[in-house]
């Protein structure tokens, strides 16, 4: 060899030699869509509250893009994933889950920042509304599930259930564990429902609950998917000699300090969401407390546990997709091919712009849904399962497209978080109902008169001034066409037709709310005498619906203008 290996021509610096990725950036300050919804949904807040909320979000955005991004990467390595410890050194069974120091530090930072319990922090002088609570959850998911986001979702559901249906004694005993700022149980709450006979069909549960003389219950059975095994969990079981499914609260240890009667069988080998572990558990005379009225177990499970989890899956998927778009855009600024930056190739720029449009609108619709849930609007009963479906399926598509934007580097696990984000998105498609299950819930909710009429009113309110705006002619025409088709389904189509086409109905329903939402964002700006970038998003989304993601684009399309494409993807 004529060259020392360190001076070999093929090893010299190249366009990516100093590529930093996104590490060290403030993910809140970078996210124009998130800042938009935070502003829109806090316009009525007192100025001091709105300012404090934005500062709190900005600090967390810096943590997410900095130390939490680093800790997430370091904790997702072989040898760093959580493990089950069955026995202590003396041979006593402890069934304890141990996480790496990096994982626990990531949990501690987020927990102590108040992402799930800010209303329990004495130094926080304001309320903790949904726009604040779920903006934090969304930001967390910009690092993927990360071993923290799923536990956050379950802890959020646990806190809500305790507040709403817990007894005063349960609140006194358990809220300090899952919500007190001084607690060292960082998001260690779980929900164990699925059994080997199935997950969505909870009524098929085979775990049995037997009432004890002291008023507590003894549970015997098994749970097949137990994510984040920790200090406290909610679970389901059939009340002895009935078909009634009750909802129960189970602490890991009894009041006397003994391990409660459960056995961790094994850790699941899951393709994604690996930062927190999922196990199988056998209940062998587990001591439990009823959570809410036993006869209302299934209803309470759906209302206070499953619904919250589905909201988190929708937002989590949205966060995964947002980070993927950010990664693809950043890479395009650096990578050179055939003498120019790859972002300057029209096909590449079109790809970035389309991902940005789809992702931004999904952010807007998710936070619209969150607002409607907080207001207890019946249309949220449609939107929560709808967005669990659409956000997760779209995130899997966007994360894959982003990986392809990076070429071979896109499939390298230590080059970017994209492979991990993609696997996490696939998990989100499965958790809390696969597409065929969740689309049935969407259809069922749509066919309830109260929900249907509320959803119609929502669409009307979001689009009521759009026909006055010439720039919105194409998006509004697309909305009107889809709206006419959608309404006819519930008038002229048979029950059998709707059943076999429920995925299509869910897609069509999402297209309607997405078009209505982006139209409303345009009208808001125009009514305040502002130019609106969202006109480009509305036109682009209407075109995506009309011709499909892989369809041809017209010469007068926004996608045919390189300057417009750059404006959109740099949004």
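Residue numbers (the UniProt record's numbering): 1 to 571.
We put the CB at the ideal spot given by N, CA and C, even for glycine.
These figures come from a predicted structure and were not determined experimentally.
Check, Outcome
"Beta carbon of residue 275 nearer than 8 Å to that of residue 145", "yes"
"Assigned exposure category for residue 178 - 16 Cβ within 10 Å defines buried", "buried"
"Euclidean distance between Cα positions of residue 239 and residue 503", "35 Å"
"Integer-rounded CB distance, given that residue 250 should sit under 8 Å from residue 288", "5 Å"
"As assigned by DSSP and simplified to three states, the class of residue 247", "strand"
"Cβ contact (3+ pairs, closer than 8 Å) linking the region 306-321 and the region 381-393", "yes"
"Alpha-carbon spacing of residue 580 relative to residue 184, whole angstroms", "Summary: the structure shown does not reach residue 580, with the chain confined to residues 1 through 571, and so no result is reported for it."
"Backbone CA spacing between residue 118 and residue 151 [nearest angstrom]", "16 Å"
"Continuous beta strand (DSSP E) stretch holding residue 335: start and end", "Counting along the chain, residue 335 falls outside any beta strand (DSSP E), and DSSP gives it neither H nor E."
"Residue 478 classed as buried or exposed, judged by whether at least 16 other C-beta atoms fall within 10 angstroms", "buried"
"Cβ shell of residue 99 (< 6 Å), same chain only, five flanking positions each side left out", "82"
"C-alpha gap between residue 547 and residue 324, whole angstroms", "24 Å"
"Residues bridged to residue 234 [DSSP beta-bridge criterion]", "191, 249"
"Whole-Å CB distance - residue 221 paired with residue 206, under 8 Å assumed", "6 Å"
"One or two residues paired with residue 223 in a DSSP bridge", "281"
"Option nearest residue 41 by Cα separation, candidates 302, 326, 25, 370", "370"
"Sub-8 Å separation of residue 476 and residue 518 beta-carbons", "no"
"Own chain partners of residue 175 with C-beta closer than 6 Å, once the 5 adjacent residues on each side are dropped", "162"
"Nonlocal neighbours in the same chain, by C-beta distance under 6 Å from residue 342, ignoring five residues either side", "332, 335, 348"
"Residue 59 classed as buried or exposed, judged by whether at least 16 other C-beta atoms fall within 10 angstroms", "exposed"
"Option nearest residue 129 by Cα separation, candidates 115, 140, 141, 93", "115"
"Residue range of the unbroken beta strand (DSSP E) whose run includes residue 263", "262-267"
"Straight-line gap, residue 67 to residue 88 (C-alpha atoms, nearest Å)", "33 Å"
"Three-state class that DSSP yields for residue 258 in the structure shown", "coil"
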